[in-house]
Amino acid sequence: MKKTMISLKFAAIAALSLVAQAVSAEQQVIKAGHVLDVATGNMKASQYILVDDSKIVSITDKNPAPNVKQIDLSNQYLIPGLMDMHTHVVRHLSKNFYDGYFQSPHRATIGGVVNAEKTLMAGFTTIRNVGAADYMDVALRNAINAGEVPGPRMAVSGPSLGITGGHCDSNALNHSFEERSDGVADGPWQVREQVRKNVKYQVDVIKFCATGGVFSKGTKVGQRQYTFEEMKAIVDESHTHGRTVAAHAHGTEGIEFAIKAGVDSIEHASYLTPETIDLAVKHGTVLSMDIYNTEYTLSEGKKNGVPQENIDKEKQVGTRQRESFSHAVKAGAKMVLGSDAGIYPHGDNAKQLSRMTQFGMTPLQALQAATINAATLIKWNDKVGELKPGMYADIIAVSMNPLSDIKTLEQVNFVMKDGKVYKHDKQ
Ligand code: ARG
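Okay, so the sequence shown: first residue is 0 according to numbering that gives the first Met the number 0, each after it adds one.
Structure follows, in structure tokens:
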């Protein structure tokens, strides 16, 4: 008798937990004060978002499932998780500029784990990492995807391709050290080989340096580095293997050659001209312009030991890049948010949004750059970048209407990625 009672009790518990799993473990309803359709700018009040496992099932006026777990965000504005298309998330950020030179890949990867979490908590549920030695970003992406560590979805490039002595090489030590960055490759066949190697180790995107840059030793920002032939080889090989291409390019000629070679995005795009803007518009090339970080470098960077050479180059580029940004916005070029996080502390990514509005975008355009346009660039627009049925439940919430106060995105109260809540500050 006693035995039967016990087994009955167990059966009841088992049945109950099955029911519990079927009902609440997978489905949840978010009661939203407002939901923004980033594609149209339409803001709808009092909506219910039904989430099943990792995906959005419906967004409706009536509660579709009052019996499943409810998340109350009825005083919040909900938008898709933000996306930053230019980050350097692996590397432990130290106050001293030169520390980076002495960091092992292992230490840098652990830094990446810390930075990825900060980025996610700031409301960035997807990032593109452009440039990491030793495929550190591939490892981090995989660990995040496996649910081992919290972080955004990552589209990663592995080592950036660059010419010997160029912006994507390391040039600080004298020749006896034989220092050379991971992705250095010269000539059309060598660059094809490096693209193949990156594909072999499972990158999502290919990054190369078309011109000099601010934070490299001995390069000129305006100077083109790869030849047109090399750029074409990189793009052809990458596209053959289904990878999009991001080209670091400050100078005009490098921008022009990269667009003509068929890259998917131009990073920085500082020295745009009316002609290169037209070219970008004509080719549908996306511009990813990091217009937030200038002041940070000029004040904090200087304190932290950024060499004078690099400070001088930043002074040269900052203002010109912002003018280029305004012109590109007016011309209707495709643009994404790319902030170069890592130059400034991770988690401050949303601070670029108000700069984007200051230099010509409407708040909606800035939000589109940080969501739907970014998703389209990396070809993930069937998964992320909008709140609609079938998309991943990557959802963030803020207290104010971001269309009238873009800075509200610097203080995100709620972060859901893949249907999982990572942050919920009760307001
Ligand atoms: N990674 C870029 C470079 O070193 C950063 C440029 C930052 N400055 C700017 N104004 N966007 O060239």
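Every residue, glycine too, gets a C-beta built ideally from N, C-alpha and C.
By the CB criterion at 7 Å, A145 and G346 fall outside the cutoff.
Ranked by Cα distance from Q367, the options G337, K312, P344, A392 are led by G337.
Around the beta-carbon of A171, fewer than 16 other beta-carbon atoms lie within 10 Å, marking it exposed.
Pairing V28 with A392 gives a Cβ-Cβ distance that is not under 7 Å. Our two residues, L376 and S45, have alpha carbons roughly 31 Å apart in a direct line. At least 7 Å separates the beta-carbon of V89 from that of A154. With the rule of 3 Cβ pairs closer than 8 Å, the segment 389 to 406 counts as touching the segment 78 to 96.
With a cut-off of 6 Å, the C-beta of T293 is classified as near the ligand ARG, since at least one heavy atom of the ligand falls inside that distance. In this structure V262 is not in contact with A279, their Cβ atoms being roughly 10 Å apart against a cut-off of 8 Å. Relative to the ligand ARG, the beta carbon of F96 is positioned no closer than 6 Å to any heavy atom.
For the options F123, T124, N114, the alpha carbon positioned closest to that of D136 is the one of N114.
When only Cα atoms are considered, I371 and E192 end up about 33 Å apart. In the three-state reduction of the DSSP assignment, T125 falls in the strand class, which pools E and B.
In the same chain as G304, and ignoring 5 residues on each side of it, the C-beta atoms closer than 7 Å to its own belong to N95, F96, Y97, in chain order. The Cβ atoms of M360 and V328 sit closer than 7 Å to each other. The three-state reading of DSSP puts P79 in strand, counting E and B together. Contact between the segment 101 to 108 and the segment 57 to 64 is absent: fewer than three C-beta pairs spanning the two stretches fall below 8 Å. For E266, there is no enclosing alpha helix (DSSP H); the enclosing beta strand (DSSP E) has its first and last residue at 264 to 267. When the Cα atoms are used, E266 and V56 turn out to be separated by approximately 35 Å. The alpha helix (DSSP H) runs of length 4 or more contained entirely in the segment 176 to 228 are, from start to end of the chain, 187 to 199.
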